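Only one structure is covered here, and it is reproduced in the block below.
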Amino acid sequence: MPLILLPLLRFVFATLTISFARARKLFTILSHIIDAALLSQLALMLVRGTPEMVSVGGAPAGIGISLIGDQVGLTFAVLAWVLSAAVSAYTWQDKLRPYFFLLLNLLIGSCYALSFTTDLFNAYLLFELSTLASFLLVGYQRQPRQIWASLHYLVLSSLGMSIFLLGIGVVYAHCGCLDLTVLKTIVKASPGESWVLLAGALLVAGIAVKAGVFVFSLWLPAAHARAMPAVSALLSGLVIKMGVVGLFRLGDVFPIDLTLIVLGAITGILGIVYALNSYDIKRLLAFHTLSQIGYILIGFGAATEAGRLGALSYEVAHGLFKALLFLTIGEAAARAGGSDLKTLIENKHKIPRGTRIALIIAVLGIIGLPPLAGFDAKAILEDGLPTMFLHLIVLLMSVGTVVSFAKLAPVLFASSTHRASRSRVLSYAWLGGGIILFWPLSLLLVSPAITLHAYSGLHIIEALVVIAVGGALYFLIRKRRFRLPSEIFRLETSPLIILIGFFLIYALMILGQ
Amino acid sequence: MAAIIAFVLFGIGVVALVLRRDLVIKLLALGLINAASILFLVSIGDRPGARAPIQLPGDLGIVADPLPQALVLSAIVVNFAILALALVFVMILVERYHTTDSIRIEQEMAREADDQETPCL
Amino acid sequence: MTRDRLRIIFAVGIIAAFVGLIGITYICSSPDPADSERYLARAVEETGASNRVAGIYLNYRLLDTLLEVLVFSVAVLGVRHYLQQSEGMKLPNLSESEVVQTAVNFLAPLALLLCTFFAVFGHISPGGGFAAGVIAASGLLYVAIAHGIQAMNAQLNPVRLALMEKVILLVLLAFVLAPAVAGRIPLTELLPTGTPGKLLSGGSILVYNILIAMKVFVGAWAVIAAFAQHRGEL
Amino acid sequence: MIARWILLALLPIVAGIALTQTRRLSAIIGMGLFSLLLAAVYLLMHAPDVAITEATIGAALVTAIYVLAIRRTGRLAVVADEAPGLIAREGDSIVGLEYEILEGFARQIGLDLSVHFVPLRRVRWLVAHHEADLGAGGMVPLDSGEGALASTPMHLETGVFAFPAKRRSFNVEPIQEAPDYEGYFSELLEHDKNGTLSTAVSSLDLARVLSLGRIGASLQDLGRIDGQYGYAFLIAKQRTRLQRDYADYLTQLRASGQLADMIERHFS
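Chains as they are written, first to last, in my numbering: chain A, 3 to 515; chain B, 11 to 131; chain C, 157 to 390; chain D, 252 to 519.
Structure (structure tokens):
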């Protein structure tokens, strides 16, 4: 029952928020308390070994829409709850229209539903609902650049969803069902058939547009960099992850391990390369979202227990620190008058102290300083990588992360008399606490043996060396400028690149059988 | 056969989406792409000699598969929602830039405040 | 010039390759219609709706339909939000000629009739709440064309309509949630299924159809009115 | 069965034609037609529910909102090339003779006036494609045979002057065309500074020649082209009703002596 109530109650609260705008704060608190209760009930059932599973509609599982509260789904739902709480606290005192909170609730509701659903078409509708909600959220302030970024987002994501719909059609034509648990047995029984490859490639390409995979999510840098901080945090922390959860679910059914690894490596490396060359901090964060998705995909594609758990923990960890980064940078940029590095450095004394401390925690988290969230998740993930080559790629990405975040160093240290508002500090503390206490919390998700193994001396030394090397490299290359193609981000080219990406996925699936 | 037509329509839609510069026509092309995937779904449920899926119990005639049709109803509405919202955003952009040409809007936007990275350090 | 042409050739080439690849692979994989018989074996008795599409749409896949209604509501809300913010302005009257008036006097009741038919008999014959709502809204558009949107808006207060929309959405959600709170999980066992083919059959489908029709009517009219009132320069 | 094949084959053709239209309205109506065809195809594919939904939503509702969106009611959209004295920006406001005439005309027919400044070539394109109602800013009437464009009665006399190809000798071929430089007036001044004026321009109307002279460009060797010239507005040929309305307004303006007043005020 909690499985259905979680999303539906959010939808009810969404409608209530817009009907009774005055009681918004009450509804916000109420919805979070109810969600927490429902989520803990689900977690209890999962721990007992009987994850809840329901089939909505008067048909048995496999025909009606099935929802399942398994590990992947529950992790994501908890992340959604945490980020929703953080964003609610962040916007507590802002004068925003009820419309904003309606969209927020719808977005969170669709995240809950997506994390549990095993039905392809239901997932399609949830993706579209979240697309529309975040589309409106990005353009909320009506600035032309936001509107343009939003439009770009809608066009690409709708193209991706059409490709996804074609995939659903191919699946249905051959299996006569859309439920992933049933599909799994059918696909396993017919390995290497051409329709499996076609359907898999179409579905993966469609979701990849939403999942922040580099050659597909070309709308992402603009949309994430231009939206309001609270919206960027949700987009980066949650909406992208909806696609990632979709890929996880597909990964259980279709043979796409190799595809995920290669896509992960591409998006990881290219994201870093673009991030290195970004001096607008919000844009840098947006490119980093792409690169961090790379870790998650590589971890999941490795198809080992530790890799999978590492990917899940990294998904949560990334949600925490990326949301915190966007929120703090957003406030800093608002105080400093601009989000490019120069303005931030010049006005760094205007950044409130609480914000700065939170920013430091988030940066340390993302570059993987032990024992913060980034380190823990990355270490678990690395334990699960089967080959040396993958290790090397992941190391390269870590170094790149450090190099690009070294740019922020001058902003981090200054004295300031400004103070952040209490609700904002609460929101920072909530996320920052999550980053610091990630290790004890991750014991809920990952078995102690694996977590403890992550804290071996080797990993700690590796993390410190990476940070040192990254810092040193930054001083070597910081004067260099290089031009990267920006043509691919234009509306005229990006649909073509998505189609080229489809060929790539198709080829990788043929190779990966 | 209908499936092939659906794929061709999908292709026409993407061509127009990429090559036409007018934003309104881009949106129409997007609608065509969605309509093409919807046509593909409907074509799956159809079978030779079938009737429409409306029958009383005990009626054993061959009918078209009702599931794709039910799915498609939702997809059509989603398509409408996308087209309407995107149109509103295009209208806002046009009010600002007085043109629907996507390339010109991009140029204007770049001129307005250079979005390119301002190097520093 | 040549660069443009190259671009076009490149684009068309890639898209043709995409279409060719999926088309050929799909045809060669020769889908067998028998694979998708699963849904045909059941349905009418279980849902009590002789229109099987309605049975699946509002029973097996109720959650999808709910999401679809939400998507539609988001669209309506977005359109209204963005188009209303432009300053309040005097509304232009559309045309008012005699011929149009006469045509409308004939068309508007027809639209109303169709709407009722589709909503009430949606579980027995083709139709359904969504189409019904849109038809009613377009009927209203005819009336607006004849009498002017200004007169229309005076009679249908947009604020009251918006309130009505929210209330209908809440009732709809409550209707979906009621079985879940009562612990009856499939969400569809609220009303008896009845004999297929009769008006009062199909469990809650009839109620859902009418609710959705009302919701969509209000929403679609709001969208049309917002676009009609907006004096854009597109 | 055959009907279905025919309809299916028609789909790509209709879609292709609709999406290659230059006029937006035609494209929208074409796609509406496409949706109707699609609904018919669905009906023949034994999917009546889908057919009804597609016909009501895809064909009716989408087409309705797109048509409503692109119709410019309540606005007289004017595109203008900036021409000092006639119609030009001055700070935040727009001034000039043509602006005053247009303002009065818009008031008379009960519309809001909205003016956008665009380069000259674009003025013609926009008016010809019905994207704007009138083109203004020193438009010299065109030969009536030219494409989809027509011009209103003249409201101000002017002359057209030819720039020699090389500054040395003055040997001007009579040029029939109106000013045919590209770009804003301010861009013309750039050409003057660079000394590339004569290659950028072949002929200019009086207002622009005067303002060039005022800024100090050298106007030697300039030759007046024979013929009667005057300023007018550009309008699409098909907009006969608007043409008639404007002609009536101008006659009225002239008869009441207001036009002479305006010209006096702006050019003395």
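Quick reminder that beta carbons are idealized off the backbone N, C-alpha and C, glycines included.
No experiment lies behind these values; they were computed from the predicted model shown.
Residue i at chain C interface by Cβ criterion, 8 Å
i, result
"residue 421 of chain D", "Reliability fails at residue 421 of chain D, whose pLDDT of 47 lies under 50, so the model's placement of it is uncertain and no value is given."
"residue 2 of chain A", "Here chain A covers residues 3 to 515 and nothing more, so residue 2 of chain A does not appear."
"residue 304 of chain D", "yes"
"residue 295 of chain D", "no"
"residue 278 of chain D", "no"
"residue 2 of chain A", "Because chain A here runs from 3 to 515, residue 2 of chain A falls outside it and cannot be looked at."
"residue 392 of chain D", "no"
"residue 461 of chain D", "no"
"residue 3 of chain A", "yes"
Residue i, enclosing alpha helix (DSSP H) - first and last residue
i, result
"residue 176 of chain C", "158-184"
"residue 296 of chain C", "285-303"
"residue 37 of chain B", "33-55"
"residue 37 of chain A", "26-49"
"residue 236 of chain A", "231-236"
"residue 319 of chain D", "313-321"
"residue 224 of chain A", "222-228"
"residue 28 of chain B", "12-29"
Below-8 Å beta-carbon distance, residue i vs any chain A residue
i, result
"residue 416 of chain C", "In the structure as shown, chain C begins at 157 and stops at 390. Residue 416 of chain C is therefore absent and cannot be evaluated."
"residue 90 of chain B", "no"
"residue 178 of chain C", "yes"
"residue 164 of chain C", "no"
"residue 227 of chain C", "yes"
"residue 121 of chain B", "no"
Chain D contact for residue i (CB, 8 Å cutoff)
i, result
"residue 24 of chain B", "no"
"residue 131 of chain B", "Residue confidence is low: residue 131 of chain B scores 32 on pLDDT, short of 50, so the model does not pin down where it sits. No coordinate-derived value is stated."
"residue 111 of chain B", "no"
"residue 314 of chain C", "no"
"residue 283 of chain C", "yes"
Pair within 8 Å by beta-carbon distance, residue i and residue j
i, j, result
"residue 514 of chain A", "residue 261 of chain A", "yes"
"residue 388 of chain A", "residue 304 of chain A", "yes"
"residue 306 of chain D", "residue 380 of chain C", "no"
"residue 55 of chain B", "residue 75 of chain B", "yes"
"residue 405 of chain A", "residue 361 of chain A", "no"
"residue 385 of chain D", "residue 295 of chain D", "no"
"residue 342 of chain A", "residue 452 of chain A", "no"
"residue 23 of chain B", "residue 43 of chain B", "yes"
Cutoff 8 Å: residue i Cβ touching any chain B Cβ
i, result
"residue 157 of chain A", "yes"
"residue 207 of chain C", "yes"
"residue 309 of chain D", "yes"
"residue 282 of chain D", "yes"
"residue 149 of chain A", "yes"
Range of the contiguous beta strand (DSSP E) that encloses residue i
i, result
"residue 340 of chain D", "339-341"
"residue 417 of chain A", "Note, residue 417 of chain A: premise wrong, no beta strand (DSSP E); not H, not E."
"residue 486 of chain D", "480-487"
"residue 55 of chain A", "55-58"
*Check whether the region 38-52 of chain A touches the region 68-80 of chain A, taking contact to mean three or more Cβ pairs, one atom from each stretch, closer than 8 Å.*
yes
*Unbroken alpha helix (DSSP H) runs of length 4 or more, entirely within the region 175-211 of chain A: which are they?*
The region 175-211 of chain A contains these whole alpha helix (DSSP H) runs: 182-191.
_Validate contact between the region 462-480 of chain A and the region 108-126 of chain A using beta carbons, cut 8 Å, 3 pairs_ = no
*Mind the definition here: the region 140-149 of chain A touches the region 170-187 of chain A only if three or more C-beta pairs lie below 8 Å; say whether that holds.*
no
_Unbroken stretches of the alpha helix (DSSP H), 4 residues or longer, contained in the region 121-147 of chain A_ = List check, alpha helix (DSSP H) in window: 122-140.
_Unbroken stretches of the alpha helix (DSSP H), 4 residues or longer, contained in the region 239-296 of chain A_ = 242-255, 259-278
_Stretch pair the region 329-344 of chain D + the region 81-94 of chain B: three plus CB contacts closer than 8 Å_ = no
*asked:* Extract the residue ranges of the alpha helix (DSSP H) inside the region 404-478 of chain A, only unbroken runs of 4 or more that lie entirely within it.
replied: 411-414, 424-438, 440-444, 450-456
*Are at least three pairs of beta-carbons, each pair with one atom in the region 289-304 of chain D and one in the region 267-287 of chain C, less than 8 Å apart?*
The region 289-304 of chain D, when compared against the region 267-287 of chain C, does touch it at the 8 Å Cβ threshold.
*Runs of beta strand (DSSP E) lying entirely within the region 358-393 of chain D, each at least 3 residues, in chain order*: 363-368, 385-390
*Can you list, in chain order, the stretches of the beta strand (DSSP E) that have 3 or more residues and sit fully within the region 303-374 of chain A?*
none
*Does the region 418-434 of chain A come within contact of the region 500-507 of chain A, defined as at least 3 CB pairs closer than 8 Å?*
no
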